[in-house]
Amino acid sequence: MNDLMPVAVFFGSIFTSNILLANYLGMCSFLSVSKEIETSAGLGAAVIFVMAVTTALNWLVYNYILLPLGLDYLRFIVFIVVIAGFVQLVEMIIERISEGLYAALGIFLPLITVNCAILGVSLFMVIRNYNFINSFFFGLGSGIGWFLAIMAMAGIRKKIAGSRIPRGLEGAGITLIIAGMMALAFMGFSGMINVT
Amino acid sequence: MAGKALKTFTAPLGKDNPVFVQILGICSTLAVTNNLKNTVVMVLGVMFTTTLSSFTFSLLRKVIPGRIRMIAETLIIATFVIIVDIVLRAFMPEIWQQLGPYVGLIITNCIVMGRMEAFAASNPPGLSLIDGLASGMGYAYVLVIIAFFRELLGSGSVWGFPLLGDWWTNWAIMIMPPGAFFMLAIFIWVVKGRSKE
Numbered sequence: 063m064n065d066l067m068p069v070a071v072f073f074g075s076i077f078t079s080n081i082l083l084a085n086y087l088g089m090c091s092f093l094s095v096s097k098e099i100e101t102s103a104g105l106g107a108a109v110i111f112v113m114a115v116t117t118a119l120n121w122l123v124y125n126y127i128l129l130p131l132g133l134d135y136l137r138f139i140v141f142i143v144v145i146a147g148f149v150q151l152v153e154m155i156i157e158r159i160s161e162g163l164y165a166a167l168g169i170f171l172p173l174i175t176v177n178c179a180i181l182g183v184s185l186f187m188v189i190r191n192y193n194f195i196n197s198f199f200f201g202l203g204s205g206i207g208w209f210l211a212i213m214a215m216a217g218i219r220k221k222i223a224g225s226r227i228p229r230g231l232e233g234a235g236i237t238l239i240i241a242g243m244m245a246l247a248f249m250g251f252s253g254m255i256n257v258t
Numbered sequence: 020m021a022g023k024a025l026k027t028f029t030a031p032l033g034k035d036n037p038v039f040v041q042i043l044g045i046c047s048t049l050a051v052t053n054n055l056k057n058t059v060v061m062v063l064g065v066m067f068t069t070t071l072s073s074f075t076f077s078l079l080r081k082v083i084p085g086r087i088r089m090i091a092e093t094l095i096i097a098t099f100v101i102i103v104d105i106v107l108r109a110f111m112p113e114i115w116q117q118l119g120p121y122v123g124l125i126i127t128n129c130i131v132m133g134r135m136e137a138f139a140a141s142n143p144p145g146l147s148l149i150d151g152l153a154s155g156m157g158y159a160y161v162l163v164i165i166a167f168f169r170e171l172l173g174s175g176s177v178w179g180f181p182l183l184g185d186w187w188t189n190w191a192i193m194i195m196p197p198g199a200f201f202m203l204a205i206f207i208w209v210v211k212g213r214s215k216e
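Structure representation (structure tokens):
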């Protein structure tokens, strides 16, 4: 399982085991942000970047600090601290570079810290026993997969904005049904590459 | 005081339900509900975590500076989640294995942190304890209902006991990811559709 090709891990994490549609991670921000294409693109890009880097960082921390010291059980706390610190850094950079993006993302940047997808990828990386290269590509691929899913969803939601939706299904309900259909579509990829 | 406590307790069960009204904690709602046994273990873990982290944070709310509030909250939650993780690993290794990363992901369950931010940060420990417990229960019963139907339709069984017999063709889709999305959407639809009438 841990001697997969990085390429396989990369494409597998985008398509066959999409972090959002197959593992349900990152749903909170997915449901609330996907109303706007621009905001989705911004958050998606941030997720790709944060996910790729934090997975690699957490791999180093886990294998070179936690395991030798026998502090395996502390990994939740340590991972979340690494992620929180890194997100803080990204937030400061975005604030400097792009006022517009910073204003648009608003409260969602701090929420990346509690975006389950980021921590989830690090935990999957430990469970699946990836090596360093694979961990990086797994993080990168998962981020891209999340980006793809949220962009597709934002596009679809824009299209259906004017349609008549049964009462009670507006908002979260219809979004979940679309996500379900997207999950069905992505299941079509399964069998091509198997990463579990 | 008693009135407020009662209101605090009932709101998350109905009109302020964390799952189908506030749409929080959806990840685990979808991920663990493909069989009832895992779901019950998971919701007990979440109830334990929300209750005790809200309580602990409320006790400490006056000594924690605003600047590091978020990280302090996360650390409190993570502590309780580690307890849940270790207990599960020791006493129910099989279920622990099946739940995989989702036990650790209780840390990022928005319900836990959401209740700490929205309630425990400005309320006394007793009320926060009630609020945490009630939020956990509001989450729990939704998950149990969803898991019941997913397991029943997807595997023809409940709690691992075959219930529907041989004539039933399993809807494999119900225990796979799309089924989770559809089931939750239908649940939200039913609840919202009824409540507006």
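Keeping their order, the protein sequence lines are chains A and B.
The numbering of the first sequence is my numbering, which starts it at 63 and goes up by one.
The numbering of the second sequence is my numbering, which starts it at 20 and goes up by one.
Yeah, the Cβ is synthetic: ideal placement off N, Cα and C, and Gly gets one too.
Fair warning: this is a prediction, and the values are worked out from it, not measured in the lab.
Residue span of the alpha helix (DSSP H) that contains residue i, given as start and end
| i | result |
| --- | --- |
| B/ASP104 | 88-110 |
| A/GLU157 | 137-159 |
| B/ALA50 | 45-50 |
| A/LEU210 | 194-221 |
| B/LEU71 | 55-79 |
| B/GLU136 | 129-137 |
| A/THR116 | 99-123 |
| A/ILE183 | First, the residue type needs correcting, since residue 183 of chain A is Val and not Ile in the sequence shown. 178-189 is the span of the alpha helix (DSSP H), which, as asked, contains A/VAL183. |
| B/LYS211 | 196-214 |
| B/LYS23 | 21-29 |
| A/THR237 | 234-249 |
| A/PHE72 | 68-73 |
| A/PHE92 | 89-95 |
Neighbourhood of residue i by C-beta, 7 Å cutoff - its chain only, sequence neighbours within 5 removed
| i | result |
| --- | --- |
| B/SER154 | PRO31, PRO37, THR69, ILE130 and ARG134 |
| A/MET63 | Here the model assigns A/MET63 a pLDDT of 48, short of 50, so the residue's position is not dependable, and the following value carries that caveat. Answer for A/MET63: ARG190 and ASN191, listed in chain order. |
| B/ILE194 | ASN53, ARG169, GLY173 and SER174 |
| A/LEU128 | ASP134, LEU136, ARG137 and VAL140 |
| A/TRP208 | ILE81, LEU82, GLY88, GLY106, VAL109 and ALA179 |
| B/PRO143 | SER77 |
| B/PRO181 | GLY175 |
| A/ILE144 | A quick correction: the sequence has Val, not Ile, at residue 144 of chain A. Excluding positions up to five away in sequence, the list reads THR116, LEU119, ASN120 and VAL123. |
| B/VAL51 | ASN57, THR58, MET61, LEU118 and TYR121 |
DSSP bridge partner residues for residue i (one or two, in chain order)
| i | result |
| --- | --- |
| B/VAL217 | A query on residue 217 of chain B cannot be resolved here, the shown segment of chain B reaching from 20 to 216 and no further. |
Alpha-carbon to alpha-carbon, residue j and residue i
| i | j | result |
| --- | --- | --- |
| A/LYS220 | A/LEU231 | 16 Å |
| A/MET244 | A/GLY203 | 18 Å |
| B/GLY33 | B/GLY157 | 8 Å |
| B/THR93 | A/ILE180 | 14 Å |
| B/LEU162 | A/ALA216 | 27 Å |
| A/ILE240 | B/VAL82 | 45 Å |
| B/LEU124 | A/GLY182 | 7 Å |
| A/ASN120 | A/SER184 | 7 Å |
| B/ALA166 | B/PRO120 | 19 Å |
| B/THR29 | B/LEU152 | 11 Å |
Listed by chain order, chain B residues near residue i by CB distance under 8 Å
| i | result |
| --- | --- |
| A/PHE138 | ALA97, VAL100, ILE101, ASP104, GLY123 and ILE126 |
| A/MET249 | MET195, PRO196 and PRO197 |
| A/MET67 | Within 8 Å Cβ-Cβ: nothing; A/MET67 doesn't reach chain B, min ~23 Å. |
Close-in-space but distant-in-sequence residues of the same chain around residue i (CB under 6 Å, 5 per side omitted)
| i | result |
| --- | --- |
| B/LEU7 | In the structure as shown, chain B starts at 20 and stops at 216, and residue 7 of chain B therefore has no counterpart that could be examined. |
| B/ALA139 | SER73, PHE76, SER77 and SER147 |
| B/PHE99 | THR68, LEU71 and SER72 |
| B/ALA24 | ILE149 |
| A/SER252 | THR78 |
Contact list for residue i against chain B, beta-carbon separation under 7 Å
| i | result |
| --- | --- |
| A/ILE142 | THR93, ALA97 and ILE126 |
| A/TYR135 | ILE101 and ILE105 |
Chain B contact residues for residue i, given Cβ-Cβ distances below 9 Å
| i | result |
| --- | --- |
| A/PHE186 | GLY119 and PRO120 |
| A/ALA146 | MET89, ILE90 and THR93 |
Same chain, Cβ closer than 8 Å to residue i, neighbours up to 5 away in sequence not counted
| i | result |
| --- | --- |
| A/VAL71 | TYR192, ASN196, PHE199, PHE200, GLY203 and VAL257 |
| B/LEU107 | VAL60, GLY64, ILE114, TRP115, LEU118 and VAL122 |
| B/SER141 | ARG80 |
Residues that residue i contacts on chain A, provided the C-beta gap is smaller than 8 Å
| i | result |
| --- | --- |
| B/TRP218 | Since the first residue of chain B shown is 20 and the last is 216, residue 218 of chain B is not available in this structure. |
| B/LEU203 | LEU238 |
| B/LEU49 | TYR86 and MET89 |
| B/LYS211 | ARG229, GLY230, LEU231 and GLY235 |
Contact test: residue i Cβ vs the ligand GDP heavy atom, cutoff 7 Å
| i | result |
| --- | --- |
| B/LEU79 | Ligands are entirely absent from the displayed structure, and the ligand GDP is therefore not among its contents. |
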